[in-house]
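Enquirer: To start, I am sharing the structure in question, which I have written as C-alpha cells.
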Amino acid sequence: MEIRKAILSDIDWLAAHDHHVSAAMLTKKIHDGEIYVVAERENIGWLRYGLFWDSIPFMNLLFLLEGYRNQGIGKKLVEYWERDMVQQGYKIVFTSTQANEFAQHFYRKLGYTDIGGFIVPQEVMEIMLMKNIAP
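Numbering (numbering that gives the first Met the number 0), first residue to last: 0 to 134.
Structural data, given as C-alpha cells:
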C-alpha cells in the first residue's frame, strides 16, 4: 500500500469518484498539495482537505472504495495526513461528519473530540471534530 500526495495524472480517477467538487477544483487542490491518494496497484481512496479560517487544516473528505473499508487503511491515511500537518507546523486539525454517519465513531477512536455542530436546511446535523496534533 502506498500513500502519497495526488499528482495531475490522478485527476481523471479523482474526478470519476469525487462528485462533491468540480474537476477544476480537484486540479487546484492537487496543485496546492491538498489531496492524498492511497493505492495498492491502483488508487483505492483519497483524503481531501482545505484550511478552515485560512489557518486550520480541515479534512473535507475521506473516501475508500467499497472493498477496502474496515481494514485499517482509512486510519493509516488519516495518520499520514496528520503527520504531514505536524511537519507543516500545525497544532490542531478539524473535520466534520453527519450525526447519522458511522464516521463519527471512527474519528473519535482516532482521538478527535466533538467541538460543536450545525444544521444545514434539509440536512442532518453536522458534527464538528478537532484533534490536537502538537508533538
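Every residue, glycine too, gets a C-beta built ideally from N, C-alpha and C. The structure displayed is predicted, hence computed values, not measured ones.
1) Using only the alpha-carbon positions, how far apart do Glu81 and Gly88 sit?
2) Give every residue of the same chain whose Cβ lies closer than 6 Å to the Cβ of Phe93, excluding the five residues on either side of it in the sequence, and list them in chain order.
3) Starting from Arg82, follow the alpha helix (DSSP H) in both directions and report where the run begins and ends.
4) Give, in chain order, every unbroken run of the alpha helix (DSSP H) that is at least 4 residues long and sits entirely within the region 1-51.
5) Using 8 Å as the cut-off, can you tell me whether the region 21-30 makes contact with the region 64-83, which would need three or more C-beta pairs spanning the two stretches below that distance?
6) Quick check on Thr112: buried or exposed, where buried means 16 or more other Cβ atoms within 10 Å of its Cβ?
7) Run through DSSP, which three-state label would Gly66 get?
8) Under 7 Å Cβ to Cβ from Phe101, same chain only, skipping five residues before and after it: list those, please.
Expert: Reading it off the structure:
1) 11 Å
2) Phe51, Ile55, Phe57, Met129
3) 72-86
4) 10-16, 22-30
5) no
6) exposed
7) helix
8) none
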